[in-house]
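In the numbering used here, the protein residues as written are 1 to 322.
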């Protein structure tokens with residue numbers, strides 16, 4: 001029996017990875033590392049003893065080292081995701097990203113896993129010129145502003161990727177990196193508050209879709225089902241020490257274009273798109289970018305995304321119970 005260890009298993013992507021394993025590999029087991037064991041017990045109760053839930057602070061090296069567990073593969077999903085937290089606590093966010101990835105890599109080394117995937121972010125690319133149809137491939141990186149609190153996240157993710165490569169190079173840990181586009185769809189929590197969920201709720205209510213920027217920043221998106229399939233493609237077929245973009249190229253558009261798509265196709269024209277821009281970036285939005293990701297490298301492993309952005313929103317509304 002294969003045993004997978006999934007960190008951040010109580011979060012959105014982590015929990016969907018656990019669900020995928022349970023439904024596609026009948027003889028597999030999962031060790032789910034979470035912060036909230038009670039919440040996880042409810043989430044995974046249908047899977048019984050096949051999912052072993054462990055509460056642990058992954059930032060604590062001694063606590064991770066003391067885990068009495070063995071596994072064949074690791075999917076490291078645990079991460080800060082709230083932009084407001086990145087603005088308010090950049091030191092703690094940086095420490096969390098760096099300490100956690102190194103602690104999990106040490107665990108992978110100790111367990112001599114067959115494969116590991118680290119979930120990174122498209123934010124590592126920073127500012128890139130993707131005009132004239134250019135799409136950023138994995139070896140391209142742009143500028144990230146050093147002297148901005150919000151940069152703790154993309155710079156921390158870059159450093160985490162370098163730590164992954166270092167463990168592969170020095171110790172032979174078979175780690176791969178998944179650079180995720182923004183991911184949503186079915187399974188999103190009813191408490192989700194990020195922009196895509198705000199748009200969905202406004203569309204359902206027929207109220208205005210409010211932008212707190214001009215909406216010129218380019219977004220790259222991938223449905224949760226396609227993203228999970230991509231993660232497992234990387235885990236099983238990706239090259240050690242390398243990064244892969246997980247993105248549906250057809251879903252790249254500006255924030256405003258996405259808002260207009262939602263207003264037209266999801267709200268049926270009942271919602272308007274309006275701007276209410278605060279004087280300061282109190283919402284913690286990432287720096288404006290024109291980034292368009294290339295999915296060519298992952299598609300070369302046989303992965304192909306299937307859901308467009310409109311379907312992602314339909315799935316999202318079903319998940320929100322609205």
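Ideal Cβ positions, reconstructed from N, Cα and C, are used throughout, including at glycine.
Since this is a predicted model, take the numbers as computed values, not measurements.
Span of the alpha helix (DSSP H) holding residue i?
i	result
residue 20	12-24
Grouping DSSP H, G and I as helix and E and B as strand, with all else coil, what is residue i?
i	result
residue 49	helix
residue 55	strand
residue 176	strand
residue 275	strand
residue 100	helix
residue 194	coil
residue 144	coil
residue 110	helix
residue 127	strand
residue 243	strand
residue 293	strand
residue 88	helix
residue 162	helix
residue 151	helix
residue 311	helix
residue 235	helix
Start and end of the beta strand (DSSP E) containing residue i?
i	result
residue 74	73-76
residue 29	29-34
residue 209	209-211
Can you tell me which residues form a DSSP beta bridge with residue i?
i	result
residue 7	33 and 76
residue 219	253
residue 182	221
residue 119	178
residue 323	Residue coverage of the chain in this structure runs from 1 to 322, which leaves residue 323 outside it and unanswerable.
I think residue i touches residue j, with their Cβ atoms under 8 Å apart; what is that distance to the nearest whole Å?
i	j	result
residue 160	residue 118	7 Å
residue 293	residue 136	6 Å
residue 149	residue 87	5 Å
residue 108	residue 188	29 Å between Cβ atoms; not a contact.
residue 76	residue 116	7 Å
residue 4	residue 71	6 Å
Within a Cβ cutoff of 6 Å, which residues of the same chain sit near residue i, ignoring the five residues on either side of it in sequence?
i	result
residue 20	228
residue 101	160 and 163
residue 202	209 and 271
residue 36	10
Once you ignore the five residues that flank residue i on each side, which residues in its own chain have a CB closer than 8 Å to its CB?
i	result
residue 50	22, 28, 29 and 30
residue 278	212
Got a sec? Which residues, its chain only, sit under 7 Å from residue i by beta carbon, not counting five neighbours each side?
i	result
residue 144	126, 151, 154 and 155
residue 309	221, 251, 258 and 261
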